[in-house]
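Protein chains: 2
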Amino acid sequence: MRNTMATRRRDMARPTIYDVAHRASVSPATVSKVLRGVETVGADNASRVNKAVRELGYRRDPLAANLRRNRRALIGLIVPDFRNPFFGALVAEIEKLAEAGGYRLVAVSSSEAETMEHRQIEALLDWRVAGVILIPSSAGLASVRRLKAEAMPTIIVDRVAANSPFDGVGVDNAEASAKMVRHFYDHGHRHLLVAASAPDLPNMAERIEGVRAAARAVSEPMRIEILACGSSLDSATSAMARRFERGTPPKAVFALFIQATLAVLREVAKLNLRIPEDISVAGFDDFEWMQVMHPPVATVIQPVEELAARAWERLLHRIEHPDRAPAKLRIPCSVDFRGSIAAVSGIGR
Amino acid sequence: MRNTMATRRRDMARPTIYDVAHRASVSPATVSKVLRGVETVGADNASRVNKAVRELGYRRDPLAANLRRNRRALIGLIVPDFRNPFFGALVAEIEKLAEAGGYRLVAVSSSEAETMEHRQIEALLDWRVAGVILIPSSAGLASVRRLKAEAMPTIIVDRVAANSPFDGVGVDNAEASAKMVRHFYDHGHRHLLVAASAPDLPNMAERIEGVRAAARAVSEPMRIEILACGSSLDSATSAMARRFERGTPPKAVFALFIQATLAVLREVAKLNLRIPEDISVAGFDDFEWMQVMHPPVATVIQPVEELAARAWERLLHRIEHPDRAPAKLRIPCSVDFRGSIAAVSGIGR
DNA sequence: TTTCAACGATATATCGATTTACAATTCAAG
DNA sequence: CTTGAATTGTAAATCGATATATCGTTGAAA
């Protein structure tokens, strides 16, 4: 009965493995073997199959192919926000790696919301992805629990909690922040406004800790003022505006995430301050527009390409070896000290 | 034998429809009916099924569910570049709509390369997506041909060729560009450097045409100089640098895409020019950083949300009615005339 | 009382591949 | 010449769901 199907299907759009088998006068199982590169196939059969594949323009259905082994050639990637070019770059890099590895990437966004992250994780589990790369939206462990419960190979990227039960790949946030703070210090700044999103996000916590450690390590005392900004541009902007209205405006600001960087620069524009004469500014993450400002904005540069490469590497490793102990990987950042940080003569207040 | 399977599976991670059926003492077919909301199910059976679903934490496999009807609950979206926040926003919006409509979005990128676009299209066809939303990387029709041949419901977004055989949703590029040019004209500019990517991309062609039309329509003659920049930031930067080295530097630049905007601003920074005293600048597409420059960069604002909404709408419509004639939709842009365009007193050279 | 439509429920085929178990063939060893 | 192992090829089960044909009931019309 399959045979009649194969015959009837011949005029339809996409040929199946049965059409190929029929044309090559072999069984579907043999075709499957040839397609998968299994060795135990006679040379003439193999070549007839290949010929039939070519002639019919046959392409394997990747879903059906993996239906039986219950793991699909799909990798899920959850980013907090597609609008952020840093995450965009990450998606692009991982997509390249996935394609090269024969996987299809399904990139979804959590909109920086924990509930959305949950929903996306459930959806990816429904789709039986072979693995997940996750940039968490929150410090909560609830979403992570589901992944663990389903024994899903998972790599946490960028926002890596030290106590998380998964593999993690991130940058050395503390070291990078410390470098930037030392640069401020060396240029005479003794008071630094540090703008963070949610201080409980692991990467933020590490950056803040790096700032604090650097401030402790220098010889003259340095005042560190932490400003919690929320994760959106709106919340960062209003938090920043409130801070600038209240008390003395800071002479130096280190924005630990992009929305805060934009918020400072907005405030700077609004109050008609000059950079770096009136205020020194540094950011975290590098974007092209930072170099067209005058002066260009000093910033920490995260090695996105390497981040993606290591994350992918570990994910494949994890898929192969589900039982190895999870490992955390730290990649160093470079820091580009651009013109937005001025040397102050006296001691900053 | 299915029964033994169902029994054996009970301890495994994800329950199947057979487990639910077994627990509710009905057949799998009945469970399927309940899940799909088919009416012809007895009330007690339905409630027993729902109870079993709850107790087992059953979730349907969306792939297997659609395996038989040969169209998956998947929509493919091909963007030229994830790093561009304009496309990022588009992905985010369409993802939201897809989720609300019970589809999963598979977003892939073509890296602005025609061959890559081909590969991605083939891959999406392999995955039997129910529809495709495409932002083409080139004016070529080859990729489009495959989609047509497979009768794939397809919506072209942003770069809509008038003669394309698909539905298209884009902005009114010509009108928006014309508005901007009139603004330049009204501020005394009589010479405009217009930076385009590939002039054969439909949206670029329309923008250029809008520029030309506006220049023809004004009373005093206006000189329009078109600069082809390629699509990457690197190529735009070097094209712009060459232009500024050669002959008189322009007093007014209209960058028709983001990389050109960045390229102009780079050149401005390099040559230490002042905006808008020495040079007036306008861009296409709105990005947050444009408002933190001083002065802020004037630009055309594309209504991303509406673009996405209309594209989605049309796609669903196209899936329902494969045979209707394709339609092109144009959405008006707003133009934000910010401080980067100066009034010049004399007649610009 | 018989017949038939409507209805609820189920068995079975199906989507397009992989996998398993087994059959057929060949060939070397005993 | 027989036996056993190795090699190749195939039929049938399988993945997790949906669609279809069918079957047994029930109630109303003939």
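Those protein sequences? They're chains A and B, same order as listed. The first sequence begins at 1 in my numbering and counts up by one. The second sequence begins at 1001 in my numbering and counts up by one. Note that beta-carbon positions come from the ideal geometry of N, C-alpha and C, so glycine has one too.
Proximity of chain A to B/Gln1302 at the Cβ level (cut-off 7 angstroms) is not reached, the minimal Cβ distance being about 14 angstroms.
Interface with chain B (8 angstroms Cβ-Cβ cutoff): A/His118 is excluded.
In the three-state reduction of the DSSP assignment, B/Leu1035 falls in the helix class.
For B/His1191, there is no enclosing alpha helix (DSSP H); the residue is found in the beta strand (DSSP E) stretching over His1191 to Ala1196. Leaving aside the five residues that flank B/Ile1224 on each side, the residues in its chain whose CB is nearer than 7 angstroms to its CB run, in chain order, Leu1192, Val1194, Val1211, Arg1212 and Ala1215.
A/Ala325 and A/Asp167 have their alpha carbons spaced roughly 8 angstroms apart. Under the three-state reduction of DSSP output, A/Val144 falls in the helix class.
Assigned with DSSP and collapsed to three states, B/Ala1107 falls in strand. With a minimum length of 3 residues, the unbroken runs of beta strand (DSSP E) contained wholly in the region 44-99 of chain A fall at 74-79. Shortest Cα-Cα distance from B/Arg1071 to any of B/Glu1313, B/Val1132, B/Asp1081 and B/Met1116 involves B/Val1132.
The C-beta of B/Phe1254 comes no closer than 8 angstroms to any C-beta of chain A. Close partners of B/Glu1095 in chain A (Cβ separation under 8 angstroms): Phe82, Val108 and Ser109. Beta-bridge partners of A/Leu134 (DSSP): A/Ile78 and A/Ile156. In the three-state reduction of the DSSP assignment, B/Ser1238 falls in the helix class, which pools H, G and I. Collapsing the DSSP output to three states places A/Thr248 in coil. Under DSSP, the beta-bridge partners assigned to A/Ser334 are A/Ile301. Residue B/Lys1179 holds the alpha-carbon nearest to the alpha-carbon of B/Phe1337 among B/Lys1179, B/Val1020, B/Ala1089 and B/Ile1331.
In the structure shown, B/Asp1172 adopts coil according to DSSP, grouped into three states. In this structure, the beta-carbon distance from A/Ala24 to A/Val41 does not fall below 8 angstroms. Under DSSP, the beta-bridge partners assigned to A/Leu227 are A/Ala195. For A/Asp126, at least one C-beta of chain B is nearer than 8 angstroms to its own C-beta. Of the candidates B/Ser1177, B/Pro1303, B/Ile1155 and B/Arg1182, the residue whose Cα lies closest to the Cα of B/Lys1328 is B/Ile1155. Counting along the chain, the unbroken alpha helix (DSSP H) around A/Val268 starts and ends at Ile258 to Lys270. For A/Pro250, none of the residues of chain B pass the 9 angstroms Cβ criterion, the least Cβ distance being about 17 angstroms. Looking at the DSSP output, B/Leu1329 bridges to B/Val1169. Under the three-state reduction of DSSP, A/Val181 is assigned to helix. Among the residues facing chain A, B/Glu1288 is included, as its CB has a counterpart in that chain under 8 angstroms away.
Taking a beta-carbon distance threshold of 8 angstroms, B/His1191 does not count as an interface residue toward chain A.
The CB of A/Pro62 comes closer than 7 angstroms to the CB of Asp1126 and Trp1127 in chain B, given here in chain order.
Judged by beta-carbon spacing, B/Arg1069 lies beyond the 8 angstroms limit of B/Leu1035, meaning their Cβ atoms are not closer than that value. In the three-state DSSP reduction, B/Ala1151 falls in the coil class, being neither helix nor strand. In this structure, DSSP gives A/Ala282 an extended state, which the three-state scheme calls strand.
Proximity to B/Ile1279 across B/Pro1221, B/Ala1342 and B/Arg1242 peaks at B/Ala1342, based on C-alpha coordinates.
Ranking A/Leu134, A/Ala139 and A/Ser138 by CA distance to the CA of A/Ile78 puts A/Leu134 first. Residue pairing of B/Ala1255 in beta bridges, as defined by DSSP: B/Ala1195.
Within its own chain, the residues whose Cβ lies closer than 7 angstroms to the Cβ of A/Pro322, once the five positions on either side in sequence are excluded, are Ala151 and Pro153, listed in chain order.
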